[in-house]
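What follows is a single structure, written as structure tokens, with notes after it.
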Amino acid sequence: NLLGNGRKIQSIFGFCDVRQFTDTTECLQEEVMLFVNRIAHILHSIVVQCDGAANKNIGDAFLLTWKVKSNDPDCSFSEEDFAGDKALYSFIKTMIEMNRH
Numbered sequence: 003n004l005l006g007n008g009r010k011i012q013s014i015f016g017f018c019d020v021r022q023f024t025d026t027t028e029c030l031q032e033e034v035m036l037f038v039n040r041i042a043h044i045l046h047s048i049v050v051q052c053d054g055a056a057n058k059n060i061g062d063a064f065l066l067t068w069k070v071k072s073n074d075p076d077c078s079f080s081e082e083d084f085a086g087d088k089a090l091y092s093f094i095k096t097m098i099e100m101n102r103h
């Protein structure tokens, strides 16, 4: 039921945009899907390992989310929750992996 009661959650959102995507796809032509799938595989794997989720892929961009685990709905973060650290680590690790390939 779309009009039913929802529940409020705290989340961290990250956005990843592939640099020079248009120029790269023009060069790759038929191979563009292999390129995009390789990037998606690396990014999704790292994000999932860090307790996040790839929410949406839009061509050269990825929307990523990390749910903040807090028992108190009025508090954005708890001391035991490291969602922000995991999100940052995911982006750093992804950049390192992308530079390797």
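Residues in the sequence shown are numbered consecutively from 3, following the numbering used here.
Using N, Cα and C, we set each Cβ at its ideal position, and we do this for glycine too.
Worksheet item: Of the residues V38, I14, L45, which one's Cα is nearest the Cα of T96?
Response: Taking the first residue of the sequence shown as 1, we reach residue 96 at position 94. When each option's Cα is compared against that of T96, the closest is L45.
Fill in: With 16 other Cβ atoms within 10 Å as the buried cut-off, status of G54
What you label residue 54 is simply residue 52 of the sequence shown in a count that begins at 1. Under this definition G54 is a buried residue.
Discussion item. For the alpha helix (DSSP H) containing L30, name the first residue and the last one.
Written reply: Residue 30 sits at position 28 when you count from the first residue of the sequence shown. 23-30 is the extent of the alpha helix (DSSP H) around L30.
Practice prompt. Can you tell me which of the three DSSP states D87 falls into?
Written response: Counted from its first residue, the sequence shown places residue 87 at position 85. In the structure shown, D87 sits in a helix (DSSP, three-state: H, G or I).
Practice prompt. Have a look at K71, I48, R40 and flag the residue whose alpha-carbon is nearest the alpha-carbon of D62.
Written response: Counted from its first residue, the sequence shown places residue 62 at position 60. Answer by Cα proximity: R40.
Practice prompt. Using three-state DSSP, classify N39 as helix, strand or coil.
Written response: Locating residue 39 in the sequence shown gives position 37, counting from the first residue. In the structure shown, N39 sits in a helix (DSSP, three-state: H, G or I).
Worksheet entry | Beta bridge counterpart(s) of S47 as assigned by DSSP | Counting from one through the sequence shown, the residue named residue 47 turns up at place 45. Bridge partners of S47: none, in fact.
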